[in-house]
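When the letters of the sequence shown are read in order and numbered with numbering that gives the first Met the number 0, they come out as residues 0 to 168.
Where is the CB? At the ideal position from N, CA and C, for every residue including glycine.
The next block holds one structure in the form of C-alpha cells; read it before the comments.
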Amino acid sequence: MKKIALAVLFSALYVLSLAQPQPLLSPWSAGEDQQNRYEQIQSAKIAFFTTELELSPKEAEEFWPIYNNFWKEREKSYRRIQGNLKNIDKALSGESKISETELKTLMDKYVSEFSSEGDIFKNFHSQFMRILPAEKVAKIYVTEEKFRIKMIHQLRRGQGGPGAPQNLR
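Okay, structure coming up:
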C-alpha cells in the first residue's frame, strides 16, 4: 500500500512538474518589463501560498528558504530537460548528421533527467516533512497546482476575467 501511495504521489508530482512552465514571463516582453512581471508573479505566489498553507511565522521562516531552493533546482532540471529535447529535435531535423548510437545517448540523457527530477522531489519532500506536518506538506503540492491553474486562467482571461475559476477545489 505504501509503495502504491508513493508511486501515485511521484506520478502526480511528475505530471505537475511537466505542466510547470518556465518562469511565467511573457515571451514578447523584454528587460525591465519582463523582470517586473516575474516579480509580480512571485509576489502573487507568495501571497497565495501564505493564504493556502496557513503557515505559522516559525513555519514560514523555515519553509520559504527550502521552497525557494526547491524551485531553483526544479528550474535547473527543467532547463536541462528542455536542452536535451532541443538536441534530440535538432538531430531529428537533419541539421546535424548523427548516428543511431549518438541519438540513443541523447535520448538516455533526456530520460535520465526525469529520474533526477524525481530525486529532487524526494530530497525536498524529506526536508518539508522535517519542518511541517504531513497535512501542510500535502497542501504544498495541491497549492502549487491551484496556483498554476490560477495563473493560466489569469493569463488567458486578462487577469482573471469571466470564466476564470473562483474556487479551484
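Taking all protein chains in view, the Cβ of Glu-134 is surrounded by fewer than 16 other Cβ atoms within 10 Å, so the residue is classified as exposed.
Only residues of its own chain outside the window of five on either side were considered, and among them Phe-69 have a CB closer than 6 angstroms to the CB of Phe-123, listed in chain order. Across the structure, Lys-108 and Asn-83 are spaced so that their CA atoms are roughly 7 angstroms apart.
In this structure, Phe-62 lies away from Thr-142, with their beta-carbon atoms at least 8 angstroms apart. Closest in C-alpha terms to Lys-145, from the list Thr-50, Gly-93, Val-110 and Lys-71, comes Thr-50. Counting along the chain, Lys-71 sits inside the alpha helix (DSSP H) bounded by residues 56-92.
Taking a C-beta distance under 8 angstroms as the contact criterion, Phe-127 and Ile-45 do not qualify as a contact pair. Of the candidates Ser-42, Gln-41, Ile-119 and Leu-54, the residue whose Cα lies closest to the Cα of Pro-132 is Leu-54.
In the three-state scheme derived from DSSP, where H, G and I count as helix and E and B as strand, Ile-97 is classed as coil.
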